[in-house]
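If you read the sequences in order, they're chains A and B. The opening residue of the first sequence carries number 1 in UniProt numbering; numbering runs sequentially from there. The opening residue of the second sequence carries number 1 in UniProt numbering; numbering runs sequentially from there. Following: one structure in structure tokens, then a few remarks.
Protein chains: 2
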Amino acid sequence: MTKYSKIFTFLLRLLALAGTVAAVVVMITSHDSAKVLNLTFTAKYSNTPAFKYFVIVEAIAGAYSLMTLFLSSKNLFRRLVIILDVVVTVLLSSCISAALAIADVGKKGNNHAGWLPVCGQVRKFCDHVTGSLAAGFVAAVLYFLLLLYSLYNVLDPLLL
Amino acid sequence: MTKYSKIFTFLLRLLALAGTVAAVVVMITSHDSAKVLNLTFTAKYSNTPAFKYFVIVEAIAGAYSLMTLFLSSKNLFRRLVIILDVVVTVLLSSCISAALAIADVGKKGNNHAGWLPVCGQVRKFCDHVTGSLAAGFVAAVLYFLLLLYSLYNVLDPLLL
């Protein structure tokens, strides 16, 4: 691994760490309440399983990113890290997709199933969720790039 | 690549192909209708963006699996295939998660958002979706195993 390549992957991991931390913080601080027909309803992330899954995975990915920032770049670690990068990338793509699917119903509703959009009532909550998903999406894309870059380095560069 | 290793990956790809084809067929043949308060409502996969995304990705993954079954095992191809395997695995994990998140709301609803479960009314539709998701999940797991196995072969086996 050249010096530049090390700096590049370090930066990608640092940005991914920032993305996951932002995603977790923005999501867990999201709450809002609305009064509809004299019933107060409170929106918070923990009411939706997909958002809880999102927070858990982003937290794991954040902790993993932090760990790998300070790992020695010995070959043994570097190769194990590629395998773990695959796992983290798959988990990130999974959690962002689940959360996005639910956020889409929250914003647009689904006529056919009779699910009404809720973002008109709890705008603050939806803004937080949107911000959190954006940060999580950036982290997922960074991990995907990191993985492709690692594979590109490990596999024969001439063939790619 | 040894003979056994070739047979093993061929079998994994064949099973993954079967899984994706089953997921697509079962999902697109799912429809049911119910009468609630004199209103007939029809459930089909194309009413839900997450299910449409699921069908598209499963179809792409199926086509890719079919192609790779008959690819020559020359090194150039083998290494490109690993990169594409990463992309397909990430896409599969993404589509299954999005579809699962919506299916979960369909089955259990979400009190807090006022979304009622619909599976009681359109049981046939929900059974199809469940079957399709199970097939898609199997395909995703097979691709994940295939990817880990390919990486295990390409990276130094002693280190894993």
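Heads up, the beta-carbon is just placed ideally off N, CA and C, and yes, glycines get one too. From a predicted model like this one, the values you see are computed outputs, not experimental measurements.
Out of the options, state which residue places its alpha-carbon closest to the alpha-carbon of residue i.
i        : options                                 : result
A/Ser97  : B/Val57, B/Arg123 and B/Val118          : B/Val57
A/Ala135 : A/Val88, A/Ser150, A/Phe54 and A/Ala101 : A/Phe54
B/Tyr45  : B/Ala140, B/Val154 and B/Ser132         : B/Ser132
B/Gln121 : B/Leu14, B/Leu145, B/His112 and B/Ser33 : B/Ser33
B/Val129 : B/Ser30, B/Arg13, B/Leu15 and B/Val21   : B/Ser30
A/Ile83  : B/Thr40, B/Ile7 and B/Val154            : B/Val154
B/Ser65  : B/Val21, B/Thr40 and B/Lys35            : B/Val21
A/Cys126 : A/Leu14, A/Thr42 and A/Ala113           : A/Thr42
A/Leu142 : A/Arg79, A/Leu37, A/Gly109 and A/Val88  : A/Val88
A/His112 : B/Asp85, B/Leu148 and B/Leu39           : B/Leu39
Just the chain A side, please: which residues come within less than 7 Å of residue i by C-beta, in chain order?
i        : result
B/Arg13  : Correct list: empty, because the minimum Cβ distance to chain A is about 18 Å.
B/Thr89  : Val90
B/Ala101 : Ala50, Ala98, Ala101 and Ile102
Near residue i, what residues of its chain come up, given a Cβ to Cβ distance below 8 Å and the 5 sequence neighbours on each side ignored?
i        : result
A/Val81  : Thr68, Leu71 and Ser150
B/Ile102 : Thr48, Ala50 and Phe51
A/Pro157 : With a pLDDT of only 49 at A/Pro157, under 50, the local geometry of the prediction cannot be trusted, and no value is derived from it.
A/Phe77  : Leu71
B/Leu147 : Ile82, Asp85, Val86 and Thr89
B/Lys108 : Pro117
B/Arg123 : Asp32
A/Arg79  : Val154
Spatial neighbours of residue i within its chain, please: CB distance less than 6 Å, with the 5 preceding and 5 following residues excluded, ordered by chain position.
i        : result
B/Met27  : Tyr45, Val55 and Ser132
A/Thr9   : none
B/Gly106 : Val118 and Cys119
A/Gly19  : Ala135, Val138 and Ala139
A/Leu91  : Val57
Below 8 Å on C-beta distance, what does residue i contact in chain B?
i        : result
A/Asp104 : Pro49 and Ala50
A/Arg123 : Chain B residues near A/Arg123: none, gap ~14 Å exceeds 8 Å.
Please return the same chain residues whose Cβ sits closer than 7 Å to the Cβ of residue i, not counting the five positions on each side in sequence.
i        : result
A/Ser93  : Ala140
B/Ala23  : Glu58, Ser132, Ala135, Gly136 and Ala139
A/Leu12  : Leu142, Leu145 and Leu146
A/Leu15  : Leu142
A/Leu100 : Leu133
List, in chain order, every chain B residue whose beta-carbon is nearer than 9 Å to that of residue i.
i        : result
A/Gly114 : Val36, Phe41, Trp115, Leu116 and Val118
A/Ile83  : Leu148, Leu151, Tyr152, Leu155 and Leu160
For a contact defined as C-beta to C-beta under 7 Å, what are the partners of residue i on chain D?
i      : result
B/Ser5 : Included in the structure are the protein chains A and B, with no chain D among them.
Mind pulling the chain A residues with CB within less than 8 Å of residue i?
i        : result
B/Asn110 : Asn47 and Thr48
B/Ala61  : By Cβ distance, chain A contributes nothing, its closest Cβ being about 14 Å from B/Ala61, past 8 Å.
Under 9 Å Cβ-Cβ, which residues of chain A neighbour residue i?
i        : result
B/Phe144 : Val86, Val87 and Val90
Counting only Cβ pairs nearer than 7 Å, list the residues of chain B close to residue i.
i       : result
A/Ser93 : Val90, Ser93 and Ser94
Are there three or more Cβ pairs, one per stretch, closer than 8 Å when the region 3–18 of chain B is compared with the region 56–64 of chain A? no
Within the UniProt domain "Casparian strip membrane protein" (6–142) of chain A, ranges of the beta strand (DSSP E) (whole runs, at least 3 residues): 31–36 and 39–44
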